[in-house]
Amino acid sequence: MACGLLGFVLTSRFTAHPLVRLALGTGLAGALSSTSAIAVHSVLTNSAFYPLLTILAGLAAAVAGLVAGHRFTGQA
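Read in this note's numbering, the sequence shown has -1 at position 9, and its numbers run on one by one without any break.
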């Protein structure tokens, strides 16, 4: 599904704006493929550790990015 979405985004005139291509191509298609890989891994290993660790690491990275962004722009 992610590959199909990426192909559509790169060739469609509906996504001519660079920010739309970036959001749908890199953002959404990347998220879909990562989520699929995590789901397959958790089923094959019969473990929820990896998906939970991935979610926690993603949230920690998002918070760190927000904090760094606010400090960089002076909006502490």
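Glycine residues also receive a C-beta, built at the ideal position from the N, C-alpha and C atoms.
Item                                                                                              : Value
Unbroken alpha helix (DSSP H) run spanning F(-2), endpoints                                       : A(-8) to T1
Option in G(-6), Y40, I28 and L43 with minimal Cα separation from T16                             : G(-6)
Neighbourhood of V53 by C-beta, 6 Å cutoff - its chain only, sequence neighbours within 5 removed : none
Own chain, CB closer than 6 Å to A(-8), minus 5 neighbours either side, in chain order            : A19, L22 and S23
8 Å Cβ shell around S37 - same chain, five flanking residues per side excluded                    : none
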